[in-house]
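Asks: Numbering-wise, the first sequence is residues 105 to 316 according to our numbering. Even glycine gets a Cβ: it sits at the ideal position worked out from N, Cα and C. Just so we're clear, the structure is a prediction, and the values are computed from it rather than from any experiment.
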Amino acid sequence: MIRNSSSSWSRGEDKLFERALVLFPDETPRRWEKIATQLPGKTWFDVKKHYDDLVYDVEEIDSGRVEPPSYGDDQFNSSWGSESGTSQVWFGSNKGKEKESSERKKGVPWTEEEHRLFLIGLQRYGKGDWRSISRNAVVSRTPTQVASHAQKYFLRLNSVKKDKKRPSIHDITSSAKSSMGNWTNEFMDPTATYDDPESPPSSDFHAFGFQM
DNA sequence: TATTGGGGTAGAG
DNA sequence: CTCTACCCCAATA
Numbered sequence: 105m106i107r108n109s110s111s112s113w114s115r116g117e118d119k120l121f122e123r124a125l126v127l128f129p130d131e132t133p134r135r136w137e138k139i140a141t142q143l144p145g146k147t148w149f150d151v152k153k154h155y156d157d158l159v160y161d162v163e164e165i166d167s168g169r170v171e172p173p174s175y176g177d178d179q180f181n182s183s184w185g186s187e188s189g190t191s192q193v194w195f196g197s198n199k200g201k202e203k204e205s206s207e208r209k210k211g212v213p214w215t216e217e218e219h220r221l222f223l224i225g226l227q228r229y230g231k232g233d234w235r236s237i238s239r240n241a242v243v244s245r246t247p248t249q250v251a252s253h254a255q256k257y258f259l260r261l262n263s264v265k266k267d268k269k270r271p272s273i274h275d276i277t278s279s280a281k282s283s284m285g286n287w288t289n290e291f292m293d294p295t296a297t298y299d300d301p302e303s304p305p306s307s308d309f310h311a312f313g314f315q316m
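(1) Could you tell me if K256 is buried or exposed, where buried requires 16 or more neighbouring beta carbons within 10 angstroms of its beta carbon?
(2) Can you give the Cα-Cα distance for L143 and R135, rounded to whole angstroms?
(3) In whole angstroms, what is the alpha-carbon distance linking E217 and E122?
(4) Of the choices K119, K210, L261, L158, whose alpha-carbon is the least far from that of N240?
(5) Below 6 Å CB to CB, which residues in the same chain sit around L120 once its five sequence neighbours on both sides are set aside?
(6) So what's P144 in DSSP terms, helix, strand or just coil?
(7) What span of residues does the alpha helix (DSSP H) with G225 cover, start to end?
(8) Please confirm whether L223 and L127 have their CB atoms less than 8 Å apart.
(9) Please name the residue, chosen from P213, R228, D150, G116, that lies closest to S252 on a Cα-to-Cα basis.
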């Protein structure tokens, strides 16, 4: 039931979609149209559908305590930073009830699902409210986790963004080369262009006002 | 082996 | 609780 796009959304498309989502906040007038611009072969309707699906996913997880979709069936390894995927340690499948053996805290690598949820929550609640995000979007994660993840996330975004312009002593005011031209196929390319992660100035409406 | 990526934790606000 | 910085671990170059 969870995560099922109307059409086939590839990884690259998803990435572009997320990028566009963070690029065009909820306050954007023709948000879907603008987002669809970033997605070749997709219409605004498709995009909206996809977003709706994701939001539904989030709500489902929030409401029904539906644990994130089988992470174990990840045939295609997620590549959220490492090209080869294979993030960290998938020590013991902690599905169901976590087993606190004598295992150290170790790190549970965020999966795409969680990351997407995080992005959604990020847009819906804004940059700061990690508690709301962790409460509504990424239930599997505590505010601290979310904050840490967000830190790394934005850090990477900024790093990449800067890196793209780093060897540019020539691009003083930068020409059109920094727009779109370098990256042809950014699909499946983690080092591809992620720009402006800055969240909207609006602190966002807190539809729900529960504090922890 | 050195560097980066990635998550957790500690400390300060 | 949030923000920032640091530490530790694993993967990659």
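Replies: Per the coordinate set shown:
(1) Walking along the first sequence from the start, residue 256 turns up at place 152. Under this definition K256 is an exposed residue.
(2) Here residue 143 refers to the residue found at position 39 when the first sequence is read from its first residue. Here residue 135 refers to the residue found at position 31 when the first sequence is read from its first residue. Answer to the nearest angstrom: the Cα atoms are 13 Å apart.
(3) Here residue 217 is taken as the residue at index 113 of the first sequence, counted from 1. Here residue 122 is taken as the residue at index 18 of the first sequence, counted from 1. Cα-Cα distance, rounded: 12 Å.
(4) Your numbering for residue 240 matches position 136 in the first sequence. Answer by Cα proximity: L158.
(5) To locate residue 120, count along the first sequence from 1; it is residue 16. Listed in chain order, the non-local C-beta contacts of L120 below 6 Å within the same chain comprise Q142, L143, local neighbours out to five positions each way being set aside.
(6) Taking the first sequence and counting its residues from 1, the one referred to as residue 144 is at position 40. Here DSSP, grouped into helix, strand and coil, assigns P144 to coil.
(7) Residue 225 sits at position 121 when you count from the first residue of the first sequence. Run containing G225: 216-229, per the alpha helix (DSSP H) assignment.
(8) Position 119 of the first sequence, counted from the first residue, corresponds to residue 223. Position 23 of the first sequence, counted from the first residue, corresponds to residue 127. Inclusion of L223 and L127 in the CB contact set at 8 Å is not warranted, their separation being larger than that value.
(9) Against the first sequence, residue 252 aligns to sequence position 148. Out of P213, R228, D150, G116, P213 has the C-alpha closest to the C-alpha of S252.
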